[in-house]
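What follows is a single structure, written as structure tokens, with notes after it.
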């Protein structure tokens, strides 16, 4: 059939190549995955494991660096008291901007008066919409 994977010679592993195109390492998606061929019967499992690996593991290093930086700013024991919704609110705010308050407390520095006037009129129009 159209979706026959048998000719593709896939196994339950992901190959990692460097920029020069040389194979650096093989990551097994399951124990013994390099010896386990992908068949029409197990292809959904293969796709699920591959997606899980690519989504989770490929950003693991970046996530670890982000968390390390975040924990330097806010100790982990303080972060632990918030759920993900409360944390998002703390980090991002409500999304509602009080334009009048913003405008009343904004300080514009640099540029000619005429330039500032023109740019700020445009800026407040955009922020207000």
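Residue numbers (UniProt numbering): 1 to 129.
Positions of the beta carbon are idealized from the N, C-alpha and C atoms, including for glycine.
| Check | Outcome |
| --- | --- |
| Beta-carbon spacing of residue 37, residue 63 below 9 Å | no |
| At least 3 beta-carbon pairs within less than 8 Å: the region 31-48 vs the region 65-79 | no |
| DSSP-derived helix/strand/coil call for residue 30 | coil |
| Residue range of the unbroken beta strand (DSSP E) whose run includes residue 13 | 13-17 |
| Nearest-angstrom Cα separation, counted from residue 113 out to residue 99 | 22 Å |
| For residue 102 and residue 90, believed in contact at Cβ under 8 Å, the rounded distance | Incorrect: roughly 20 Å between the Cβ atoms, too far for contact. |
| Buried or exposed (CB count within 10 angstroms, at least 16 for buried), residue 78 | exposed |
| Simplified DSSP assignment, three categories, for residue 76 | helix |
| Reduced DSSP secondary structure (H/G/I, E/B, other) of residue 84 | helix |
| First and last residue of the uninterrupted alpha helix (DSSP H) at residue 52 | 43-52 |
| DSSP-derived helix/strand/coil call for residue 64 | helix |
| Own chain residues within Cβ distance below 7 Å of residue 6, not counting five before or after | 39, 40 |
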